[in-house]
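Colleague:
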Amino acid sequence: MQTTVTLRDVARAAKVSVSTASRALAGGGLTSKSTEARLQRIAAELGYRPNTLARGLKTRSTRLVGLVVHNLTNASFRVLAEVVQRRLRAEGYQALLCITADDPEQEAETIETLADQRVDGLIICPTGHNGALLASLDASGTPVTCVVRRDETVELETVLAADPEGAYAGTRHLLELGHRRIGLIVGRQETTSGRERLSGYRRALEEAGIAFDPTLVHAGRYEPETGLAGCRQLLDRDDRPTALFAANHESALGVLRGLAERNIALPDDISLLCYEDVPGFAWQRPAISVVDSGANAMAELAADRLLQRLRPNAAPSAAGEYRIGARLIQRQSVRPVAH
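Positions in the sequence shown are counted from 1; adding 229 to them yields our numbering.
1) Starting from residue 472, follow the beta strand (DSSP E) in both directions and report where the run begins and ends.
2) Starting from the C-beta of residue 339, find all residues in its chain whose C-beta is less than 7 Å away, skip the five residues before and the five after it, and write them out in chain order.
3) Might you give, ordered along the chain, the residues of its own chain that have their beta carbon closer than 8 Å to the beta carbon of residue 363, omitting 5 neighbours on each side?
4) For residue 443, count neighbouring C-beta atoms within 10 Å of its own C-beta (all shown protein chains included) and say buried if the count is 16 or more, exposed if not.
5) Please report how far the alpha carbon of residue 488 lies from the alpha carbon of residue 317, in whole angstroms.
6) Mind checking which residues open and close the beta strand (DSSP E) that includes residue 448?
7) Would the segment 340-349 and the segment 549-564 be scored as touching if the rule is three or more Cβ pairs under 8 Å?
8) With 16 other CB atoms within 10 Å as the buried threshold, where does residue 323 fall?
9) Mind checking which residues open and close the alpha helix (DSSP H) that includes residue 503?
10) What does the Cβ neighbour count give for residue 302, buried or exposed, with the cut at 16 atoms within 10 Å?
11) With DSSP run on the structure shown, which of helix, strand or coil describes residue 323?
12) Taking residue 408 as the reference, which of 336, 496 and 461 has the closest Cα?
13) Excluding five sequence neighbours on each side, which residues of the same chain lie with their C-beta closer than 8 Å to the C-beta of residue 482?
14) Output needed for residue 424: all residues of its chain with C-beta closer than 6 Å, excluding positions within five of it in sequence on either side, in chain order.
15) Within the continuous alpha helix (DSSP H) that includes residue 253, where are the two ends?
16) For residue 430, name the three-state secondary structure that DSSP assigns.
17) Looking only at C-alpha atoms, which of 313, 531 and 320 sits nearest to residue 551?
18) Give the DSSP bridge partners of residue 556, in chain order.
19) Go to residue 273, then tell me how far its beta strand (DSSP E) extends in each direction, as first and last residue.
20) Secondary structure at residue 313, three-state DSSP: helix, strand or coil?
21) Would you decide whether residue 490 is buried or exposed? Buried here means 16 or more other CB atoms lie within 10 Å of its CB.
22) Using only alpha-carbon positions, find the residue among 485, 542, 546 and 459 that is nearest to residue 514.
23) What's the C-alpha gap between residue 416 and residue 476?
24) Which residue from 335, 474 and 468 puts its Cα closest to that of residue 426?
25) Nearest by alpha-carbon distance to residue 272: which of 410, 239, 505 and 480 is it?
26) So is residue 248 buried or exposed if we call it buried at 16+ other beta carbons inside 10 Å?
27) Is the beta carbon of residue 390 less than 8 Å from the beta carbon of residue 523?
28) On the CB-based measure, 16 or more other CB atoms within 10 Å of its CB, does residue 314 come out buried or exposed?
29) Is residue 339 close to chain D, meaning its C-beta is less than 8 Å from at least one C-beta of that chain?
30) Quick one: using the 10 Å Cβ neighbour count with 16 as the cut-off for buried, is residue 342 buried or exposed?
31) For residue 422, does the count of other Cβ atoms within 10 angstroms reach 16, so buried, or fall short, so exposed?
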């Protein structure tokens with residue numbers, strides 16, 4: 230039976246004290262670079278794995294950071310996971326990726342588990358239902374950075390896209406091409422992104438002198454099924470929209486399926502504009518026009534803000550809100566209304 234290699238075993242093999250071995254393996258300049266390199270080599274040869282929780286109890290740092298998202302269907306969350314892991318690893322941290330399915334109960338359990346694991350910090354796309362838990366964690370000294378959505382119930386540092394402006398720019402682009410019946414498929418209205426994207430759509434209509442028609446809006450959970458149901462509902466209308474605006478990536482996948490199952494051609498039969506860019510949209514034929522929410526820039530800034538607060542002796546900071554600009558990318562899935 231294989232026995233667990235202990236720190237004492239590493240120290241004995243290196244002919245140093247246990248305290249010297251501990252300092253060398255922890256890094257941070259408390260021993261010479263040559264000693265650190267030698268101890269790390271010996272530890273690797275022996276198969277030594279540090280007890281992260283025990284080390285955390287002693288040093289008050291586990292070098293672990295929680296990253297909590299709803300799914301990996303949304304390409305923005307995949308970008309977030311890749312960027313945050315890379316940035317954290319470069320600073321000596323490991324990311325613990327957790328998926329909550331946008332479910333408040335799962336989210337609460339995840340937050341409590343990460344707190345039990347004594348993570349050093351947390352980056353989360355919140356459901357909006359567990360603000361008190363997040364605020365308590367933040368107040369206890371574990372910094373929390375929200376991304377993509379704001380939790381309206383508490384004051385926490387938050388990194389968002391410019392969703393009102395992005396949805397406004399996308400809707401205005403369709404209006405300038407002569408579209409007057411624009412179907413919108415959007416996220417839950419109790420979420421920041423869902424509500425703000427609807428507000429941008431409404432503002433563009435109002436400025437163009439077009440009355441807001443709630444029957445042209447289909448709101449729901451962030452999943453392809455919402456897009457599919459919304460697409461079917463809007464296509465079944467006698468006064469079918471001339472353009473669809475799928476205002477989140479999950480819904481966009483459902484919309485594409487809904488159009489394909491009825492053999493509706495883009496942009497000949499209907500125009501389509503999507504929110505959140507992914508490489509696949511540029512490769513499609515026709516390539517899909519999008520409002521790009523800047524997922525990479527959001528991820529980089531969220532990592533920046535959390536790492537800043539994790540630095541030793543970091544000064545307390547107010548719960549600021551940061552916005553990443555959204556931009557319209559015109560491709561071939563949208564065209565002017567035929568007269």
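Beta carbons are placed, not taken as given, at the ideal position from N, Cα and C, and that holds for glycine.
It should be emphasised that the depicted structure is a prediction, and the values quoted were computed from it without experimental measurement.
Modeller: Reading off the structure:
1) Within the sequence shown, residue 472 is the residue found at index 243, counting from 1. From DSSP, the beta strand (DSSP E) with residue 472 extends over 472-475.
2) Here residue 339 refers to the residue found at position 110 of the sequence shown. Cβ within range, chain order: 297, 327 and 329.
3) Your numbering for residue 363 matches position 134 in the sequence shown. By the criterion of a C-beta distance shorter than 8 Å, residue 363 is surrounded in its chain by 340, 351, 353, 355, 373, 375, 380, 383 and 385, once the five residues flanking it on both sides are discounted.
4) Translated into positions along the sequence shown, residue 443 becomes position 214. Label assigned to residue 443: exposed.
5) Residue 488 sits at position 259 when you count from the first residue of the sequence shown. Residue 317 sits at position 88 when you count from the first residue of the sequence shown. About 41 Å.
6) As a first step, residue 448 is located in the sequence shown; it is residue number 219 there, counting from the start. That run of the beta strand (DSSP E) goes 446-449.
7) Contact between the segment 340-349 and the segment 549-564 is absent, because fewer than three Cβ pairs lie under 8 Å.
8) The sequence position of residue 323 within the sequence shown is 94, counting from 1. Burial is judged here by how many other beta carbons sit within 10 angstroms of a residue's own beta carbon; residue 323 has fewer than 16 and is exposed.
9) Locating residue 503 in the sequence shown gives position 274, counting from the first residue. Judged by DSSP secondary structure, residue 503 falls outside any alpha helix (DSSP H) and instead within the beta strand (DSSP E) spanning 500-504.
10) Numbered from 1 along the sequence shown, position 73 holds the residue referred to as residue 302. Exposure of residue 302 is indicated by the presence of fewer than 16 other C-beta atoms within 10 angstroms of its C-beta.
11) Within the sequence shown, residue 323 is the residue found at index 94, counting from 1. For residue 323, the secondary structure class from DSSP, reduced to helix, strand or coil, is strand.
12) Along the sequence shown, read from residue 1 onward, the residue named residue 408 stands at position 179. Shortest Cα-Cα distance from residue 408 to any of 336, 496 and 461 involves 496.
13) Within the sequence shown, residue 482 is the residue found at index 253, counting from 1. Same-chain partners within the cutoff: 302, 453 and 456.
14) Taking the sequence shown and counting its residues from 1, one reaches residue 424 at position 195. Excluding five sequence positions before and after residue 424, the CB atoms of its chain that fall closer than 6 Å to its own CB belong to 418, given in chain order.
15) Within the sequence shown, the letter at position 24 stands for residue 253. 247-255 is the span of the alpha helix (DSSP H), which, as asked, contains residue 253.
16) Position 201 of the sequence shown, counted from the start, is the residue given in the question as residue 430. Looking at residue 430 - three-state DSSP - the assignment turns out to be helix.
17) Here residue 551 is taken as the residue at index 322 of the sequence shown, counted from 1. A check of alpha carbon separations from residue 551 across 313, 531 and 320 identifies 531 as the nearest.
18) Taking the sequence shown and counting its residues from 1, the one referred to as residue 556 is at position 327. Within the DSSP bridge table, the entry for residue 556 names 521 as partners.
19) Indexing the sequence shown from 1 puts residue 273 at position 44. Where residue 273 is concerned, there is no enclosing beta strand (DSSP E), although the alpha helix (DSSP H) it sits in stretches over 262-275.
20) To locate residue 313, count along the sequence shown from 1; it is residue 84. Here residue 313 sits in helix by DSSP.
21) The residue you call residue 490 lines up with position 261 of the sequence shown. A residue is called buried when at least 16 other Cβ atoms come within 10 angstroms of its Cβ; residue 490 does not meet this threshold and is exposed.
22) To locate residue 514, count along the sequence shown from 1; it is residue 285. In terms of Cα proximity to residue 514, the closest of 485, 542, 546 and 459 is 485.
23) For the purposes of this step, residue 416 is identified with residue 187 of the sequence shown, where counting begins at 1. For the purposes of this step, residue 476 is identified with residue 247 of the sequence shown, where counting begins at 1. Residue 416 and residue 476: Cα-Cα distance of roughly 7 Å.
24) Start at 1 with the first residue of the sequence shown, and residue 426 comes out as number 197. Closest option to residue 426, Cα to Cα, is 474.
25) Within the sequence shown, numbered from 1, the residue matching residue 272 stands at position 43. Nearest of 410, 239, 505 and 480 to residue 272, Cα basis: 239.
26) Stepping through the sequence shown from its first residue, residue 248 is reached at position 19. Counting every other CB atom within 10 Å of its CB across the protein chains shown gives residue 248 a total below 16, marking it as exposed.
27) In the sequence shown, counting from the first residue as 1, residue 390 sits at position 161. In the sequence shown, counting from the first residue as 1, residue 523 sits at position 294. Yes, these two residues count as a Cβ contact at 8 Å.
28) On the sequence shown, residue 314 is found 85 positions in, with the first residue counted as 1. Here residue 314 is buried, its C-beta having at least 16 other C-beta atoms within 10 Å.
29) Among the chains in the structure shown there is no chain D, since it carries only a single protein chain.
30) The residue you call residue 342 lines up with position 113 of the sequence shown. By the neighbour-count criterion, in which 16 or more other beta carbons inside 10 Å mark a residue as buried, residue 342 falls on the exposed side.
31) For the purposes of this step, residue 422 is identified with residue 193 of the sequence shown, where counting begins at 1. With at least 16 other beta carbons inside 10 angstroms of its own, residue 422 counts as buried.
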